[in-house]
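In the numbering used here, the protein residues as written are 126 to 599.
We put the CB at the ideal spot given by N, CA and C, even for glycine.
Notes to accompany the following structure.
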Amino acid sequence: MDTIAAIATPHGLGGIGIIKISGPEAIPVASRIFRNGPPPVTSCNQSDDGETQPFFFRPWRLHYGHIVDTRKDGHVYDEVLLAVMPSPRSYTREDVVEIQAHAGPVILKRILNLIIGHEGVRLSDPGEFTRRAFLNGRIDLTEAEGVMDMISAKSVAAAGIAMAHISGLFRDSIKKLISMLYDLRVPIEAGIDFPDDMDGETDCHEVAIKLTEAVLNPLKQLVEHHHAGNFFRTGLSVVIAGGPNVGKSSLMNRLLHEERAIVSDIPGTTRDFIEASMVSKGIPIVLADTAGFRTEAGPIETLGIENANKVITKADIVLFVVDASKPFDDDVMCLFDLLEEKGKRRIVVVNKWDIPETEHEFITPRLFKEPYLVHTSCIQDTGIDELRNMIADIVFSASSVAHDRIVPNLRQKKALETAVIHLDSAIKALDSGSTVELAAIDLFTAEDSLREVIGDVLRPDILDSIFNNFCVGK
């Protein structure tokens, strides 16, 4: 297998940049380019005949020294720390070398080019270090995907979910379900293939009950965890919607603590949706400000309203903003009916609550009397924290994974759903008692789907789609 190398830290200026090398040539290459101790005045660590002497590395220790190009009279590249992790006690279960240099893009590239200039060493592909860790059996596929989730985590909660996968919690739960499914499947197949050797007929109805309680129900719960908690990973979609000039852009700016959207007294200023990110109570939120809804709009505004419709369709929560200084009208009712039709979770935000009570013309209709209604003032910055808390409360009240932290990703969810379909089919067949052979096939297929989750059964194209999303150097 080739030896691979890559810069493992983000591009840009910084204190420390790390270069990783993994493979059979990792330690020999490190011996050729690393010199221990103070910078050499002449070619360092050479015998009388000019041959470079290998430096002895103590495993899992930091060695102080310099990167030296021995092919150019010992030219010193940088002052570094170097660590060697021999196989199999390393991230990839291969010999691994990590070089901590100064994090300037120029010097890191020079060192990397020096390394890959040696025979048998090449630049790594995206995610190849983690891919080798998976292929060499150090981690399973759920742990590998957990690594990617940890890198891209947008909140503490998302990092907690990623850690549950990295630590093997999800893998262990899937392996337990596979083991129970296998134990219940084998007697059924044995009864089909070797009926004369069985001590008695298998009670198919009892097996169906055990499959439902021990395997099917936990699988359905895991699928529900994806629906209820995947926003921790991808971000909760919250859309601000309402009529023109009701203060949607001002509200967005207050929620973000920055001037992200243009604010104007002229109705229809926002012609398209604007997106930005925030975090509330550990929940990553993608906030979108949309064009104001009104029945009489110009052609450009109409396009903005159409785009707003599309964004609302995909939203997890809609902040339905109304103006305290304006009476209830057809535009407001039209938007409210649209949200009802789409079945969206919503918070009614009665904005501009800072105006004198004598100027309050908006009367909250009876149909607005719902749990999530808040009065806000963007000028006085009141009600904003209450609104943030409401968003979090809606999420946590609907989520079943606040304490569990096992949230399958989309690929894992699809494999779990396939297992659920075949298990359900097998249980129905066992209960009927007439198609045991078909039940055995469904149980085998369900087990295969569960093995696909952890990577015991996997197509190469799926591997590529997973690891190609990693950065080079991880």
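- D220 is classed as buried because its beta carbon has at least 16 other beta carbons within 10 Å across all chains shown.
- With three or more CB-CB distances shorter than 8 Å, the region 572-583 counts as touching the region 530-545.
- A residue is called buried when at least 16 other Cβ atoms come within 10 angstroms of its Cβ; M126 does not meet this threshold and is exposed.
- Here the C-alpha atom of R196 lies approximately 39 Å from the C-alpha atom of I264.
- A straight-line Cα-Cα distance of about 59 Å links I437 and D194.
- With contacts defined by Cβ atoms closer than 8 Å, G148 and I129 form a contacting pair.
- For A155, there is no enclosing beta strand (DSSP E); the enclosing alpha helix (DSSP H) covers residues A151 to I158.
- In the same chain as I241, and ignoring 5 residues on each side of it, the C-beta atoms closer than 7 Å to its own belong to A130, R247 and L248, in chain order.
- In this structure, A449 lies near V475, with their beta-carbon atoms less than 8 Å apart.
- Straight-line spacing of the CA atoms in A226 and V340 works out to 50 Å.
- Under DSSP, K439 takes part in no beta bridge, so it has no partner.
- In the assembly as shown, W185 is an exposed residue. Its beta-carbon has fewer than 16 other beta-carbons within 10 Å.
- By DSSP's assignment, M210 forms a beta bridge with V221.
- Annotation for L412: the continuous beta strand (DSSP E) segment containing it runs I408 to D414.
- Separation of S298 and K234 (C-alpha to C-alpha, rounded to the nearest whole angstrom) is 43 Å.
- Residue burial annotation: T415 is buried, with at least 16 other C-beta atoms found within 10 angstroms of its C-beta.
- The beta carbon of G558 sits closer than 8 Å to the beta carbons of C329 and H330 from its chain, once the five residues preceding and following it are set aside; these are given in chain order.
- Straight through space, the alpha carbons of H136 and V154 are spaced by roughly 24 Å.
- A distance of 8 Å or more separates the beta carbons of F592 and P369.
- Annotation: the continuous beta strand (DSSP E) that includes N476 extends over R470 to N476.
- Burial check for C503: the Cβ neighbour count within 10 Å reaches 16 or more, so the residue is buried.
- About 20 Å separates the Cβ atoms of V231 and L207, ruling out a contact at the 8 Å cut-off.
- In the three-state DSSP reduction, G142 falls in the strand class (E or B).
- When Cβ pairs closer than 8 Å are counted between the two stretches, the region 509-517 is seen not to touch the region 266-281, the count staying below three.
- The beta carbons of A283 and R358 sit closer together than 8 Å.
- DSSP places E466 inside the alpha helix (DSSP H), whose first and last residues are D455 to K467.
- By the neighbour-count criterion, in which 16 or more other beta carbons inside 10 Å mark a residue as buried, Y307 falls on the exposed side.
- Separation of the CB atoms of D479 and L361 is rounded to 28 Å, and the pair is thereby denied contact status at 8 Å.
- Around A413, the same chain offers V364, F398, E400 and V436 as residues with beta carbons nearer than 6 Å, after the five sequence neighbours per side are excluded.
- For the set V457, R470 and V447, the Cα lying nearest the Cα of K439 is the one of R470.
- In this structure, the CA atom of V545 is about 31 Å from the CA atom of V281.
- Note on N594: under 16 other CB atoms within 10 angstroms of its CB, so exposed under the neighbour-count rule.
- The three-state secondary structure of I488, taken from DSSP, is coil.
- Using a Cβ distance threshold of 8 Å, F487 and V446 do not count as a contacting pair.
- Here V578 is not bridged, per DSSP, to any residue.
- When the Cα atoms are used, L344 and P312 turn out to be separated by approximately 22 Å.
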